[in-house]
Amino acid sequence: MARKPVLVLALTSLSIVLAAADWNILNPKWRFDAKQDTLKNYCESWRINIREFQVVPQECVDHINKYITSSQYKADSERAIEEVTLYLTRCCCLKGDGKDALIFDIDDTLISTIPYFKKHGFVGEKVNSVVKI
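Residues -21 to -1, 1 to 112 (mature numbering (1 follows the signal peptide of the UniProt record, and there is no 0)) make up the sequence shown, in order.
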């Protein structure tokens, strides 16, 4: 008689363990749209790691479009300006007499490329090597 409760308890415990092992909140197959989430992560990583790109991966064009036209892009740009300003005040002894000069390589560092990106499908197509402004 004592075997039945032990057997029931063992089977119940086993089924709970198996169900819990299969279900996990971090498991992507249980998310609403795991494929879209993975694509978003890929495009986010691509966006911050690009080097000498010629074409945005086609699956990321929409993501890049949303980012460049969002308030986050502006906030990121302003944060970069703050960091550069902080760096320059620490490493350079600017006199503040109006004669200090900074020389920049004029490219997309100082010129907004958003109009170009909009015109060319957010770089889903090959970028021109020379851009006329």
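Backbone N, C-alpha and C fix where the C-beta goes; we use that ideal spot for every residue, glycine too.
Check	Outcome
Which of helix, strand or coil DSSP assigns to P36	coil
Spatial distance of K111 from G100 (CA atoms)	Only weak support exists for where K111 lies, its pLDDT of 49 falling under 50; the coordinates are left without a value.
CA nearest to the CA of I93, picked from I43, E57 and D79	I43
Buried versus exposed, by CB contacts within 10 Å (16 or more), C72	exposed
Three-state secondary structure assigned by DSSP to I82	coil
C70 classed as buried or exposed, judged by whether at least 16 other C-beta atoms fall within 10 angstroms	exposed
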